[in-house]
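Notes for the one structure printed next.
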Amino acid sequence: MSEPVLLCALRGVDAFRALGAALKGWTQGRDRLSTGDSLPQAIMALTPEVTFRQAILFFTEADLVPGKARFYCLYYPQLWEHTKLTQICFSPLVGDSWRCQAESLFSYLQAGAQVLCTLLLIKPGVWSRRLPRILRNLHLEKFSVVGMKHLELDAAAASALLPWEVQQDPAAVEAHCTYLTSGTALVLCLQRPNAVKKLMDLLGPEDPQLAQALDPCLWRAQYGTSTVQNGFYGSRSYPMAVRDVKLFFPEGLCCAQCQTGQEQEV
Numbered sequence: 001m002s003e004p005v006l007l008c009a010l011r012g013v014d015a016f017r018a019l020g021a022a023l024k025g026w027t028q029g030r031d032r033l034s035t036g037d038s039l040p041q042a043i044m045a046l047t048p049e050v051t052f053r054q055a056i057l058f059f060t061e062a063d064l065v066p067g068k069a070r071f072y073c074l075y076y077p078q079l080w081e082h083t084k085l086t087q088i089c090f091s092p093l094v095g096d097s098w099r100c101q102a103e104s105l106f107s108y109l110q111a112g113a114q115v116l117c118t119l120l121l122i123k124p125g126v127w128s129r130r131l132p133r134i135l136r137n138l139h140l141e142k143f144s145v146v147g148m149k150h151l152e153l154d155a156a157a158a159s160a161l162l163p164w165e166v167q168q169d170p171a172a173v174e175a176h177c178t179y180l181t182s183g184t185a186l187v188l189c190l191q192r193p194n195a196v197k198k199l200m201d202l203l204g205p206e207d208p209q210l211a212q213a214l215d216p217c218l219w220r221a222q223y224g225t226s227t228v229q230n231g232f233y234g235s236r237s238y239p240m241a242v243r244d245v246k247l248f249f250p251e252g253l254c255c256a257q258c259q260t261g262q263e264q265e266v
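For the sequence shown, full-length UniProt numbering begins at 1 and goes up steadily by one.
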């Protein structure tokens, strides 16, 4: 109670994990400092529910203006020589009267999980034998199939689907691309609330052996045989899902437009 505090309401993709990682790095940096100055402490809400309850204590609806500010870096000027992770700075986009286009974050929080699209690619040799079972499982998990096509991937498209860490290994890239271009793949655009995370939770780790050790019911544990022939590709984040859907379904989808789809021009 002796000094003022700074309250920030932050919004971003995978916000809780990203902010938690940033604060962990900040705390580790503070512990290494040998200065005698009193350094700032930071705490964060851990769930959307707690975030909403705390936000309405400190902010009014007019205070929360989302989506049009750039997040830079964290530093306190007096500690700049020690660490670069201690100040929050926001800058509005130049020439954009963004306060006139504000949406209600309170309404957004109260609405809960939004209907999103994500992409599932069933790799060659899997969908031709297991498609009825896969579609049934998708139905049981409340996914709607809003786009479907079978195609033969070229090397460029196959390479674009590989995780960044795989792309650093030329031999792994060749093995993955050779397999992905060896036959016909089935591409599904799926829709449901929180679709990206739900699909990732169903697929499990890229390595089928690791997936088997975690849970034999994970899809890669059931259908995969190696890190190359692991059965499925799924969009790993919402920005990647938007990219993937636009790549494989440039003609559009057979579903009613949702707000997120309109915003991303899917």
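Even for Gly, the Cβ is constructed at its ideal location relative to N, Cα and C. Computed from a predicted model, the values in this text were never measured in an experiment.
Residue(s) in a DSSP beta bridge with residue i
i, result
"Gly234", "Leu120"
"Gly147", "Cys189"
Neighbourhood of residue i by C-beta distance below 8 Å, restricted to the same chain and skipping five residues each side
i, result
"Ser144", "Leu190, Gln191, Arg192 and Cys255"
"Gln212", "Leu218 and Ala221"
"Ala241", "Leu116, Cys117, Thr118, Leu119, Ala195, Val196 and Ser235"
"Tyr179", "Lys123, Pro124, Val228 and Gln229"
"Leu247", "Ala157 and Ala160"
Nonlocal neighbours in the same chain, by C-beta distance under 7 Å from residue i, ignoring five residues either side
i, result
"Leu7", "Phe58"
"Arg130", "Tyr223"
"Gln168", "none"
Residue span of the beta strand (DSSP E) that contains residue i, given as start and end
i, result
"Lys198", "Not the beta strand (DSSP E): Lys198 falls in the alpha helix (DSSP H), residues Ala195 to Leu203."
Cβ shell of residue i (< 6 Å), same chain only, five flanking positions each side left out
i, result
"Lys149", "Val187"
"His176", "Leu162 and Val228"
"Tyr233", "Leu121 and Leu161"
With 16 other Cβ atoms within 10 Å as the buried cut-off, status of residue i
i, result
"Ala55", "buried"
"residue 321", "Given that the chain is displayed from residue 1 to residue 266, the structure contains no residue 321 and the question cannot be resolved."
"Lys198", "buried"
"Gly231", "buried"
"Leu153", "buried"
"Tyr72", "Summary for Tyr72: the model assigns pLDDT 34, below 50, so the residue's position carries little reliability; its value from the coordinates is reported in the next sentence. When all chains shown are included, Tyr72 counts as exposed."
"Leu140", "exposed"
"Ile43", "exposed"
"Pro208", "buried"
"Ala21", "exposed"
"Gly25", "exposed"
"Leu79", "Per-residue confidence for Leu79 stands at a pLDDT of 34, beneath the threshold of 50, marking its modelled position as unreliable; no derived number is given."
"Ala15", "exposed"
"Gly147", "buried"
"Val13", "exposed"
"Val5", "exposed"
The alpha helix (DSSP H) enclosing residue i, as first and last residue numbers
i, result
"Gln168", "Counting along the chain, Gln168 falls outside any alpha helix (DSSP H), and DSSP gives it neither H nor E."
"residue 292", "Nothing about residue 292 can be read from this structure; the chain reaches only from 1 to 266."
"Gln212", "Pro208 to Leu214"
"Gln114", "Per DSSP, Gln114 belongs to no alpha helix (DSSP H) and is neither H nor E."
"Arg130", "Trp127 to Leu140"
"Ser159", "Ala155 to Ala160"
"Arg220", "Trp219 to Tyr223"
Decide yes or no for the touch test of the stretch 113-129 against the stretch 179-189: beta carbon pairs closer than 8 Å, at least 3 of them.
In the pairwise beta carbon analysis, the stretch 113-129 is classified as touching the stretch 179-189: at least three pairs are separated by under 8 Å.
How about the stretch 209-224 and the stretch 150-163: do they share at least three Cβ pairs that are nearer than 8 Å?
no
Touch test, the stretch 193-205 against the stretch 217-231, Cβ-Cβ under 8 Å, three pairs minimum:
yes
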